[in-house]
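All remarks here apply to the structure that follows.
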Amino acid sequence: MELSKAIRERRSVRRFESKPVKKEDLTKILDAARWAPSAGNMQPLELIIVEKKEIKRQLAEAALGQAFVADVPLDIVVCANLERSSRRYGKRGSELYAIQDTAAAAQNILLMAHALGYATCWVGAFNEKIVSNIIEAPKNVRPLAIIPVGKPAEKPSPPTRRSLEEITHEDKF
Ligand SMILES: Cc1cc2nc3c(=O)[nH]c(=O)nc-3n(C[C@H](O)[C@H](O)[C@H](O)COP(=O)(O)O)c2cc1C
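Going by UniProt numbering, the first residue of the sequence shown is number 1, and it counts up by one from there.
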């Protein structure tokens with residue numbers, strides 16, 4: 001799929017078919033995350049693939065009851081390994097770069113999944129402590145997004161965007 005088409009047509013989907021994600025497609029989706037840029041190439045990304053029904057249920061509960069997190073073939077919990085980024089960049093690494101790096105990887109996941117015919121939704125509303133416990137994340141690993149992945153069972157229309165004129169500024173704000 002052409003990149004501009006993938007960027008424009010990707011949507012947040014919240015209803016999925018039960019059809020599984022093909023193994024080779026999952027590998028391509030995860031690999032897209034791996035090739036995202038990261039500050040100093042410190043690669044703080046850690047990915048937890050959740051396919052067990054009970055763990056998906058727990059994640060949905062931690063995500064303030066967003067049921068589609070459970071009703072999907074799999075979830076990817078996208079985490080930042082803060083220690084990797086702070087090793088070179090200290091506080092700026094753990095508080096900013098690790099988050100930015102992980103966000104870039106998450107976007108690659110959304111786009112690659114869409115290009116392969118899957119739907120996703122970036123889920124950021126969750127109790128971080130509870131999610132950390134569920135996935136048994138070590139102390140320095142922070143879960144930043146839960147991404148359900150599956151075949152879409154709905155086709156949402158595109159939410160509006162602010163215009164280019166509104167968001168762009170010439171030379172100064
Ligand atoms: C950081 C972040 C957190 C989000 N958290 C949630 C969430 O918890 N639940 C949800 O249904 N959608 C969530 N979304 C999806 C947004 O609602 C969605 O991207 C936005 O409405 C634009 O729609 P689109 O993705 O179809 O273009 C989140 C998106 C981002 C980037």
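Beta carbons: idealized from backbone N, C-alpha and C, even for Gly.
Whose C-beta lies closer than 7 angstroms to the C-beta of residue i among residues of the same chain, with five residues either side of it excluded?
| i | result |
| --- | --- |
| alanine 6 | Leu111, His114 and Ala115 |
| leucine 30 | Leu47 |
In chain order, what residues of the same chain lie with their CB nearer than 6 angstroms to the CB of residue i, ignoring the 5 residues before and after it?
| i | result |
| --- | --- |
| glutamine 43 | none |
| threonine 168 | none |
| arginine 11 | Pro156 |
| serine 18 | none |
| glycine 93 | Ser85 and Ser86 |
| asparagine 108 | Ala32, Ala33 and Ala36 |
Just list the residues that DSSP pairs residue i with in beta bridges.
| i | result |
| --- | --- |
| glycine 90 | DSSP, once it has assigned bridges, lists no residue as partnering glycine 90. |
| threonine 120 | Ser12 and Val149 |
| glutamate 46 | Cys79 |
| arginine 142 | Ala80 |
| leucine 74 | Val149 |
Please report the Cβ distance between residue i and residue j, rounded to the nearest whole angstrom; I am assuming they are in contact, meaning their Cβ atoms lie under 8 angstroms.
| i | j | result |
| --- | --- | --- |
| proline 156 | proline 73 | Not a contact, Cβ separation roughly 19 angstroms. |
| valine 131 | leucine 64 | Their Cβ separation, rounded to whole angstroms, is 11 angstroms, which puts valine 131 and leucine 64 out of contact at 8 angstroms. |
| alanine 16 | proline 152 | According to the sequence as given, residue 16 is phenylalanine; it is not alanine. Contact flag correct, Cβ pair sits at about 7 angstroms. |
| alanine 33 | alanine 105 | 4 angstroms |
| glycine 150 | alanine 125 | Incorrect: roughly 19 angstroms between the Cβ atoms, too far for contact. |
| glutamate 83 | asparagine 140 | 4 angstroms |
| cysteine 121 | arginine 8 | Going by Cβ atoms, the distance from cysteine 121 to arginine 8 rounds to 17 angstroms, so no, they are not a contact pair. |
Can you list, in chain order, the residues of its chain with a C-beta nearer than 8 angstroms to that of residue i? Leave out the 5 residues immediately preceding and following it.
| i | result |
| --- | --- |
| valine 69 | Lys56, Leu59, Ala60, Ala63, Asp75, Val123, Ile146 and Pro148 |
| residue 174 | Given that the chain is displayed from residue 1 to residue 173, the structure contains no residue 174 and the question cannot be resolved. |
| lysine 53 | Ala70 |
**OP:** Kindly provide the chain-ordered list of residues whose Cβ lies closer than 5 angstroms to any non-hydrogen atom of ligand 1.
**Re:** Arg11, Ser12, Trp122, Val123, Gly124, Ala125 and Pro159
Original post:
Taking three-plus beta-carbon pairs below 8 angstroms as touching, is the stretch 141-157 in contact with the stretch 75-82?
Top reply: yes
Original post:
Does the stretch 88-102 come close enough to the stretch 26-42 that 3 or more CB-CB pairs lie under 8 angstroms?
Top reply: yes
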